[in-house]
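The structure under discussion appears below in the form of structure tokens.
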């Protein structure tokens, strides 16, 4: 699976691009089997590293999954059990006592972002944070868009009032594209020093807010047997186009061979808009479809390309 350490002749501090999507299902990429959604840039990155076919989130919804992944701890330790602290679902179906927990990651818990920052990296968080009012104290030098909110601010089109670095966006700007542009600018401005970018897109979380320029394309496309949701398809393409732009910048700057790329999702897909077949369930359920997600790692010179692993892994393993 691994190449010899001698083969890894680049910097001792490789750059790290961590792409973390929201509610992105196990089969929402072409490489995992979607017959309608398009993800050529993601597919290419996946082919250049190791794809994990049995990768799991540590929770079936956003906040606890993110807390587990960033802290390296399971929920009984950090105590973020759910989104918010109130009970969810119809109480008459509850078979377990509700434990409120907390809605903020304890600042005394050291995240991997803090570890990376302390070892000399410039660090940035762009997109969804959801674990406190401000991600900066948790290991980030730069915050674009991150607040305690779990949803994109009023959707994917402006206005985005009172959101760090999102105020005053042009009326026709699409949030996913803007975050990708900011990621590109961060990489360019830090090309001469080690950096870690946690690009945690709001996409493809609800609202299912289509990118307007792409709607006609997918309305005209033949429906797949597995997928056919036009709005979701445009949202996925926007993510993929941005990843393609970032990869082109890495190539242009000569950083590709010294950049680790990790691709992950916080939980399973949104049931009304996508399908994880043959997995049962979706986001919010603890069937496979709610917690099994796409994951791959590209690490030039260390992880040989074109590999696939069925080894089970889970969000806390990222640390």
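Numbering (the working numbering), first residue to last: 1 to 319.
For each residue, glycine too, the CB sits at the ideal point set by N, CA and C.
If you're wondering where the values come from, they're calculated on a predicted model, not measured in any experiment.
Contact under 7 Å by Cβ, residue i with residue j
i, j, result
"residue 289", "residue 280", "yes"
"residue 208", "residue 273", "yes"
"residue 138", "residue 118", "no"
"residue 58", "residue 236", "no"
"residue 238", "residue 176", "yes"
"residue 182", "residue 126", "yes"
"residue 298", "residue 261", "yes"
"residue 257", "residue 300", "yes"
"residue 169", "residue 145", "no"
"residue 42", "residue 240", "yes"
"residue 105", "residue 132", "yes"
"residue 253", "residue 191", "yes"
"residue 101", "residue 81", "yes"
Cβ neighbour criterion (16 or more within 10 Å) applied to residue i
i, result
"residue 172", "exposed"
"residue 265", "buried"
"residue 90", "exposed"
"residue 233", "buried"
"residue 121", "buried"
"residue 193", "exposed"
"residue 28", "buried"
"residue 107", "exposed"
"residue 278", "exposed"
"residue 292", "buried"
"residue 88", "exposed"
"residue 310", "exposed"
"residue 230", "buried"
"residue 326", "Since the displayed the chain opens at 1 and closes at 319, residue 326 lies outside it and no answer follows."
"residue 46", "buried"
"residue 96", "exposed"
"residue 76", "exposed"
"residue 216", "exposed"
"residue 308", "exposed"
Which listed residue (the options) has its alpha carbon closest to that of residue i
i, options, result
"residue 147", "137, 138, 164", "164"
"residue 79", "92, 91, 99", "99"
"residue 54", "37, 25, 35", "25"
"residue 37", "219, 190, 132", "219"
"residue 33", "227, 216, 72", "227"
"residue 71", "115, 257, 254, 258", "115"
"residue 271", "169, 204, 168, 307", "204"
"residue 225", "35, 19, 217", "35"
"residue 22", "64, 45, 49, 31", "64"
"residue 140", "110, 151, 157", "110"
"residue 128", "97, 243, 66, 157", "66"
"residue 151", "102, 202, 135", "202"
"residue 306", "213, 50, 14, 92", "50"
"residue 39", "243, 179, 248", "243"
"residue 287", "46, 296, 276, 294", "276"
"residue 296", "263, 302, 282", "263"
Nonlocal neighbours in the same chain, by C-beta distance under 6 Å from residue i, ignoring five residues either side
i, result
"residue 61", "83, 267, 284"
"residue 16", "196, 260"
"residue 69", "315, 318"
"residue 142", "124"
"residue 44", "none"
"residue 86", "none"
"residue 249", "184, 187"
"residue 31", "43, 46"
Same chain, Cβ closer than 8 Å to residue i, neighbours up to 5 away in sequence not counted
i, result
"residue 6", "At residue 6 the pLDDT is 45, less than 50, meaning the model places this residue with poor confidence and gives no usable figure here."
"residue 56", "291, 292, 293, 312, 313, 314, 315"
"residue 13", "119, 120, 121, 194"
Beta-carbon proximity list for residue i, same chain, < 7 Å, skipping 5 on both sides
i, result
"residue 155", "207, 209"
"residue 153", "160, 163, 166"
"residue 245", "180, 184"
"residue 178", "169"
"residue 48", "298, 305"
"residue 174", "156, 157, 211, 238"
Beta carbon proximity, residue i to chain C, threshold 7 Å
i, result
"residue 186", "In the structure shown, chain C cannot be found, because there is only a single protein chain."
- Task: For the region 180 to 188 and the region 197 to 212, state whether three or more C-beta atom pairs, one from each stretch, are separated by less than 8 Å.
- Result: yes
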